[in-house]
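Beneath this line is the structure, given in structure tokens, with notes to follow.
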Amino acid sequence: MDLIVTSTALTENDINQLKLIIDGNCPNTKYCSDLTSDVKVLVINQNDPQKHWLKSKKFMYVVGFRPDVKVIDSNEVFKFYENNQIDFSFAMFDQIKPFASLSISLSRIEESLLDKIKKVIETNGGKAVDHLTNESDLMISMMAEGKRFDAAIKWGIPVVSPDWCYDSIERGLPLNFTFYKLLTNVTGLEKKYSFRDENDKVGSESLVKTYNLGKRDRACDWDKLNEWKAGEHVRKLEEYIRNKNVKTNREKSNREIRENSKSNNSFTSNDDSYTVLNESSEIDINLKRKIDLLSKNDESDDKEDKIVKVKRKNLGNGLWDSFIHKEKQEASKPILNKFQNKEEKRKGPILGGLKFKTFGFSNDEDRKLNKIIKKFGGEMFPIESSVMVNFTVINYKYNGEINDFFNPITEFAIERFIFNEKVDSGDYFWCKHFTIPESLEIEQFKQNILQIEDEGNDNDGGKDEDKEDINDKKDKKLQVCITGFQGTDLSQIERILQNKLSKWVEFNQKLTQKCELLVIGVNNSPTVWKVGSAHKEHMANRWNIPVLLIEDFHSRVLDINNKS
């Protein structure tokens with residue numbers, strides 16, 4: 001899967017330069033002018049004196065709802081590219097700091113908080129000052145009064161409460177000022193009585209300072225942010241290992257070329273979908289153990305080089321976990337017996353000794369899939385070939401009949417084989433091909449998934465307006481939200497909803513009252529379940545939104561396939 005990059009508030013020259021860098025030096029990276037669900041990098045001009053990026057819709061949406069998108073500075077990109085065009089990669093750039101290049105005025109803040117806020121701002125890329133000018137980006141204050149407050153309002157400078165500072169640190173990016181706008185004083189005095197002992201009936205009165213407000217729920221999808229952070233540690237370990245060894249592997253390859261030595265075990269880092277490294281690279285063994293990246297050690301005298309498999313950055317930490325799936329039925333074909341229900345790791349390449357054909361892919365997709373299968377030891381044959389193969393890989397988006405193909409699976413099964421380090425029947429969610437008739441109406445699809453009656457059959461003589469509302473509802477796609485997915489499960493369910501079922505389903509990143517279905521995955525992480533899924537399930541019940549487990553949703557989709 002390609003890395004998708006977009007930008008906001010850049011000049012036309014900067015955009016063109018960014019595109020040239022991507023086209024000429026990043027074969028697995030694409031530029032997209034829109035902020036789509038596939039985008040993983042947002043490029044801004046941090047040195048823009050007007051801070052146009054700070055007010056752009058793309059940036060505000062990323063801050064609020066897309067913790068998976070990294071925001072980087074275009075100046076860092078251009079500077080690095082000028083000095084090093086060979087080792088260029090967008091993955092090496094760090095996200096901008098929460099208060100990057102912001103000039104923040106501090107006014108009427110209690111002394112106990114002032115030094116803390118100033119230190120937080122300056123250690124996170126900002127500049128904290130005690131004065132206010134018309135060039136200040138914003139002002140933080142606890143009192144909605146005073147000359148500086150009036151001047152800030154006059155100059156159009158946002159005035160926010162201290163909560164904005166702390167919440168922005170938690171988010172990792174500057175939050176939208178709108179939700180923290182200071183309208184009233186957030187500090188005050190409250191009477192408090194203290195008593196010396198139980199015989200003291202009068203007590204002494206004192207005034208205690210209080211602080212109002214707090215975290216703003218609308219400023220960010222905090223549940224989604226917490227869910228994303230739950231896997232942050234593993235992602236950092238993976239990135240560390242990848243960055244450390246890609247360079248080592250490239251240097252080794254270049255050295256072998258210079259020495260004119262031929263080797264079949266040298267892999268480049270510019271793979272289209274996966275990065276494969278030779279185990280002889282200098283890798284931190286402790287880190288590898290922590291995230292289970294190494295194949296199980298083989299004590300035999302086998303001289304084959306073992307393969308270290310590095311996950312893609314955006315796939316989360318669930319790829320090496322055991323995935324819950326349906327009980328496997330007995331194989332009806334003898335050729336599958338040696339592949340099913342084996343717990344031992346395969347010796348040598350994961351797909352070694354297996355033969356494949358592909359169908360339904362574009363030339364570019366077919367080339368990439370061929371490269372991956374061959375890299376992991378499999379053999380590829382043309383679809384017209386008479387050679388007996390183990391699997392026929394069908395494009396998951398293909399919606400035609402496949403009766404003539406032997407043992408058909410989708411490319412999702414290949415992903416599972418590689419990341420589970422085990423080849424079986426491929427009987428996981430979405431790994432078997434299914435077909436939904438193009439002629440199927442949206443309303444009929446909804447009835448099959450939600451198992452509801454056809455509202456159009458009621459002949460109660462209702463008003464024309466009611467009939468029009470019913471017809472409009474029938475034409476509207478099924479609004480689906482998901483929760484409780486990680487790793488491969490998350491990647492594949494999103495692709496199914498956004499591509500395979502896009503004619504009948506509209507995928508919603510956030511659960512709202514307009515959603516018609518919540519699909520819950522099976523997640524082994526109690527942290528992710530606690531911070532995300534439980535809350536969404538509670539809100540779904542509150543809004544009377546049907547909830548389905550992934551097993552049931554998958555089963556009902558396949559029922560449509562069987563009926564067709």
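Residue numbering for the sequence shown follows UniProt numbering, starting at 1 and increasing by one per position.
Just so you know, even glycine gets a beta-carbon here, dropped at the ideal spot from N, CA and C.
How about residue i and residue j: are their beta carbons less than 9 angstroms apart?
i           : j    : result
L497        : M539 : no
I96         : C165 : no
F359        : F405 : yes
N395        : K563 : no
F59         : V71  : yes
N407        : T392 : yes
D137        : R216 : no
K446        : L478 : yes
D73         : Q46  : yes
L183        : A144 : yes
V423        : L351 : yes
residue 575 : F99  : With the chain running from 1 to 564 in the structure shown, residue 575 is simply not present.
L225        : E170 : yes
W430        : I372 : no
Kindly indicate if chain C contains any beta-carbon less than 9 angstroms away from that of residue i.
i    : result
P546 : Given the protein chain composition of this structure (a single chain), no chain C is represented.
If you count every other CB in all the chains shown that lies within 10 Å of the CB of residue i, and 16 or more means buried, which is it?
i           : result
I550        : buried
P67         : buried
V519        : buried
M142        : buried
M139        : buried
D364        : exposed
N13         : exposed
E304        : Legend: pLDDT at E304 = 34, less than 50; position of this residue unreliable, value from coordinates given subsequently. Exposed, because fewer than 16 other Cβ atoms sit within 10 Å of the Cβ of E304.
W543        : exposed
D301        : Per-residue confidence for D301 stands at a pLDDT of 40, beneath the threshold of 50, marking its modelled position as unreliable; no derived number is given.
residue 566 : Nothing about residue 566 can be reported from this structure: the residues present for the chain run from 1 to 564 only.
V557        : buried
N383        : For the record, residue 383 in the displayed sequence is Ile; it is not Asn. The residue is exposed, with fewer than 16 neighbouring Cβ atoms inside 10 Å.
L133        : Here residue 133 is Thr; the residue named in the question, Leu, does not match the sequence. Classification of T133: exposed, given that the 10 Å Cβ count is below 16.
K500        : buried
R367        : exposed
K536        : buried
G24         : exposed
residue 597 : What the structure shows of the chain is the stretch from 1 to 564, and residue 597 is not part of that stretch, so it cannot be assessed.
residue 566 : The structure shown does not extend to residue 566, since the chain spans only 1 to 564, so no value can be given for it.
T527        : Here T527 scores only 44 on pLDDT, less than 50, and its place in the model is too uncertain to base an answer on.
L20         : exposed
V159        : buried
D284        : The predicted model places D284 with a pLDDT of 42, which falls under 50 and marks its position as unreliable; any figure quoted below should be read in that light. Classification for D284: exposed.
G487        : buried
G521        : buried
N16         : exposed
V505        : buried
S33         : exposed
D475        : exposed
P437        : exposed
N561        : exposed
Relative to the C-alpha of residue i, which candidate in the options has its C-alpha closest?
i           : options                : result
Q509        : P546, E537, V480       : V480
Q444        : H433, I493, K503       : K503
K154        : D221, I350, R171, E135 : E135
L35         : K57, D48, D14, Q46     : K57
D130        : F149, D137, I104, K119 : I104
S37         : P382, S439, P98, F507  : F507
residue 651 : A219, P162, M380       : As shown, the chain starts at 1 and ends at 564. That puts residue 651 outside it, with no answer to give.
L490        : W222, K357, E227       : E227
G400        : S439, S385, A152, I373 : S439
E421        : F376, V387, I4, E441   : F376
P546        : D552, T178, E516       : E516
Y428        : I121, P437, I436, I414 : I414
F412        : I4, N83, V120, R495    : R495
S386        : K355, S112, N561, E111 : K355
L548        : Q492, T483, N561, D559 : T483
R148        : F179, I560, I109       : I109
E82         : L173, L3, L18          : L18
L3          : V69, F177, F419, L54   : V69
Validate contact between the stretch 39-47 and the stretch 6-15 using beta carbons, cut 8 angstroms, 3 pairs: Per the Cβ contact rule, the stretch 39-47 is in contact with the stretch 6-15 (3 or more Cβ pairs under 8 angstroms).
Stretch pair the stretch 21-32 + the stretch 53-67: three plus CB contacts closer than 8 angstroms: Short answer: they don't touch.
Entirely within the stretch 370-405 and at least 3 residues each: give me those beta strand (DSSP E) ranges in chain order. Fully enclosed beta strand (DSSP E) runs of 3 or longer: 391-394.
Touching by the beta-carbon criterion (3+ pairs, under 8 angstroms), the stretch 69-88 and the stretch 107-117: Contact fails: fewer than three Cβ-Cβ distances are below 8 angstroms.
If we require 4 or more residues per run, which alpha helix (DSSP H) segments fall completely within the stretch 407-453? Secondary structure in the stretch 407-453: the alpha helix (DSSP H) runs of 4 residues or longer, each lying completely within the stretch, are 411-420, 442-450 in chain order.
Every unbroken beta strand (DSSP E) inside the stretch 62-112 [3 residues or more]: Complete beta strand (DSSP E) runs here, min 3: 70-73, 103-107.
Go through the stretch 10-39 residue by residue and report every complete run of the beta strand (DSSP E) that reaches 3 residues or more, in order. Taking only runs of at least 3 residues, the beta strand (DSSP E) segments lying wholly in the stretch 10-39 are 29-31.
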